[in-house]
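Q: Sending over a structure as structure tokens; questions will come in a sec.
Numbering (full-length UniProt numbering), first residue to last: 1 to 239.
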């Protein structure tokens, strides 16, 4: 096999282009395919989703061709939940299972208790959203203070927090693919909440922790990419 598609799902408030720089850092056989969500980036004109299951079904129909070749999925935070649901939806369409699923920076689907703080089930005011961004420490203060940028970002963030806050886990047969969980040492998710991803697959499971907080995938980018390559290269060679 000469190439493997890596479908990358973004975190709350972000465009999938947060993964674009990975293309320059990963080997040529690993084809980074950022999955843009409706309402942002090149899809800005499309309506935002607030139903995660409906969004996963739409993305499955759109990514069906990419999943006909050998592929893996990765998502961070909201993107991890979405990648998990997308994996199930692609298989429901008859696509082969991914070579691996990478869930980064969030509690397992069955362990969301208190994780979303139970207050993202209703749309929140701008000040509350900005406060959450500040706490996650992934947005510079000069950006938070820029009214024009915030006017573009906050509607997306509001919808994305509703995607997480209204998410309802559905019991289904466990996946068969390897499931690799990546976490930040000082991120919000506990070890128990990360370990609970194990029950979502009958395939191999791993949990790897990285220094940093919620945005460790950027803070420790080289180490994260090295972990992806180490996990996927044996699968590529044996596929």
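Backbone N, C-alpha and C define an ideal beta-carbon position, used for all residues, glycine too.
Every value quoted in this text rests on a predicted model; they were computed, and no experiment measured them.
(1) Of all the options 105, 74, 109 and 70, which has the alpha carbon lying nearest to the alpha carbon of residue 96?
(2) Please go through the same chain and pick out, in chain order, the residues whose beta-carbon is closer than 7 Å to the beta-carbon of residue 154, but skip the five residues on each side of it.
(3) Kindly list the residues whose CB is nearer than 6 Å to the CB of residue 90, restricted to its own chain and excluding five residues on each side of it in sequence; keep chain order.
(4) Could I get the ranges of all uninterrupted beta strand (DSSP E) runs contained in the region 172–239, with 3 residues as the minimum, in chain order?
(5) Would you tell me roughly how many angstroms separate the C-alpha atoms of residue 8 and residue 23, rounded to the nearest one?
(6) Less than 8 Å between the beta carbons of residue 245 and residue 182, yes or no?
(7) Under 8 Å between the Cβ atoms of residue 203 and residue 179?
(8) For residue 217 and residue 224, I'd like the C-alpha separation in whole angstroms.
(9) Taking the alpha helix (DSSP H) that residue 79 belongs to, which residues open and close that run?
(10) Which of the three DSSP states, helix, strand or coil, is assigned to residue 143?
(11) Count the other C-beta atoms from every protein chain shown that fall within 10 angstroms of the C-beta of residue 94, then say buried if there are 16 or more, exposed otherwise.
(12) When DSSP builds the beta bridges, which residues end up paired with residue 33?
(13) For the alpha helix (DSSP H) holding residue 101, just list the boundary residues, first then last.
(14) One question on the structure: do residue 98 and residue 73 come within less than 8 Å of each other, judged by their Cβ atoms?
(15) Starting from residue 53, follow the alpha helix (DSSP H) in both directions and report where the run begins and ends.
(16) Short of 8 Å in beta carbon distance, which residues of its chain neighbour residue 46, apart from the five on each side in sequence? Order them along the chain.
A: Put simply:
(1) On the chain shown, residue 96 is found 96 positions in, with the first residue counted as 1. Looking at the Cα atoms, 70 is the closest of the given residues.
(2) Residue mapping note: residue 154 aligns to position 154 of the chain shown, counting from 1. If we look at residue 154 and ignore the five residues flanking it on each side, its Cβ neighbours are 126 and 129.
(3) As a working note, residue 90 is residue 90 in the chain shown. Cβ neighbours of residue 90 beyond the five flanking positions: 60 and 67.
(4) 179–184 and 205–210
(5) Counting from 1 along the chain shown, the entry for residue 8 is found at position 8. Counting from 1 along the chain shown, the entry for residue 23 is found at position 23. Near 11 Å, if we compare the C-alpha coordinates of residue 23 and residue 8.
(6) The structure shown does not extend to residue 245, since the chain spans only 1 to 239, so no value can be given for it.
(7) Sequence index remark: in the chain shown, residue 203 carries index 203 (1-based). Sequence index remark: in the chain shown, residue 179 carries index 179 (1-based). For residue 203 and residue 179, yes; Cβs fall inside 8 Å.
(8) For the purposes of this step, residue 217 is identified with residue 217 of the chain shown, where counting begins at 1. For the purposes of this step, residue 224 is identified with residue 224 of the chain shown, where counting begins at 1. About 6 Å.
(9) Locating residue 79 in the chain shown gives position 79, counting from the first residue. Its alpha helix (DSSP H) spans residues 78–92.
(10) Along the chain shown, read from residue 1 onward, the residue named residue 143 stands at position 143. Residue 143 falls in the helix class under three-state DSSP.
(11) Taking the chain shown and counting its residues from 1, the one referred to as residue 94 is at position 94. So residue 94 ends up on the exposed side.
(12) Working through the chain shown from its first residue, we reach residue 33 at position 33. DSSP, once it has assigned bridges, lists 7 as partnering residue 33.
(13) Position 101 of the chain shown holds residue 101. No alpha helix (DSSP H) holds residue 101; the beta strand (DSSP E) holding it covers 101–104.
(14) Taking the chain shown and counting its residues from 1, one reaches residue 98 at position 98. Taking the chain shown and counting its residues from 1, one reaches residue 73 at position 73. For residue 98 and residue 73, yes; Cβs fall inside 8 Å.
(15) Counted from its first residue, the chain shown places residue 53 at position 53. First-last of the alpha helix (DSSP H) with residue 53: 52–62.
(16) The residue labelled residue 46 in the question sits at position 46 within the chain shown. Only 38 and 39 meet the Cβ criterion.
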